[in-house]
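Participant: In full-length UniProt numbering, the protein residues as written are 1 to 170.
Virtual Cβ for every residue (Gly too), placed ideally from N, Cα, C.
As the structure is a prediction and not an experimental result, all values here were calculated from the model.
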């Protein structure tokens, strides 16, 4: 009898933990959406307010997957990218598709975000799931020589090959 009561208690605690985690995850997802919205609307004050509501770095990382890449590629104002990096987001954290913020910035030909990401520790040699690096991308597009030079001056490997063994030449 005692055993079944203990089992029920454990089960109730598990259920309570699950419910608590579910609500926390929903809150995290909602904050992430709110951050995206504030950035899209150029609402720096609202963005800061939401960022201040996020109590720990783990929650910040979880609700902002893809946000650095979005800021690095789609947003003109570097304020958001710099603020997120200064808040502790990892520039070497890929989005859900394995694409890193520096890949997105390079692909969009944006030298300032590339520079900001590198200054905050972005690895110029990170590879996407296909083995493509930021330098491979910059070599693949016309007009990105300045970005290629920036990547190389920050340690990008000019000899690295993608998963198919392809080496990209400038």
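(1) Rounded to the nearest angstrom, what separates residue 67 and residue 159 at their Cα positions?
(2) Would you tell me roughly how many angstroms separate the C-alpha atoms of residue 105 and residue 111, rounded to the nearest one?
(3) Whole angstroms are fine: how far does the CA of residue 37 sit from the CA of residue 6?
(4) Using the rule of at least 16 other Cβ atoms within 10 Å of the residue's Cβ for burial, across every protein chain shown, is residue 4 buried or exposed?
(5) So, using beta-carbon positions, are residue 69 and residue 50 closer together than 8 Å?
(6) Quick one: which unbroken alpha helix (DSSP H) runs of 4-plus residues sit fully inside the segment 111 to 150? Chain order, please.
(7) Evaluate residue 96 with the Cβ neighbour count: other Cβ atoms within 10 Å of its Cβ, from every protein chain shown; 16 or more gives buried, anything less gives exposed.
(8) Report yes if the C-beta distance between residue 117 and residue 137 is below 8 Å; otherwise report no.
(9) How about residue 121 and residue 91: are their beta carbons less than 8 Å apart?
(10) On the criterion of 16 or more Cβ atoms from any shown chain inside 10 Å, does residue 153 qualify as buried, or is it exposed?
(11) Rounded to the nearest angstrom, how far is the Cβ of residue 134 from that of residue 124, given a contact under 8 Å?
(12) Can you tell me the Cα-Cα spacing of residue 35 and residue 115, whole angstroms?
(13) On a CA-only basis, which of 109, 87, 93 is nearest residue 73? Give me that one, please.
(14) Can you round the beta-carbon distance between residue 54 and residue 31 to whole angstroms, since I take them to be within the 8 Å contact cut?
Facilitator: By the coordinates alone:
(1) 30 Å
(2) 7 Å
(3) Here the model assigns residue 6 a pLDDT of 43, short of 50, so the residue's position is not dependable, and the following value carries that caveat. Their backbone Cα atoms lie some 46 Å apart in a straight line.
(4) Model confidence at residue 4 stands at a pLDDT of 49, short of 50, so the residue's coordinates are unreliable; what they give is reported in the following sentence. Label assigned to residue 4: exposed.
(5) no
(6) 111 to 119, 134 to 140
(7) exposed
(8) Not closer than 8 Å, so no.
(9) Yes, they are a contact pair.
(10) exposed
(11) Between residue 124 and residue 134 the Cβ distance is about 6 Å, and since that is below 8 Å, they are a contact.
(12) 23 Å
(13) 109
(14) 6 Å
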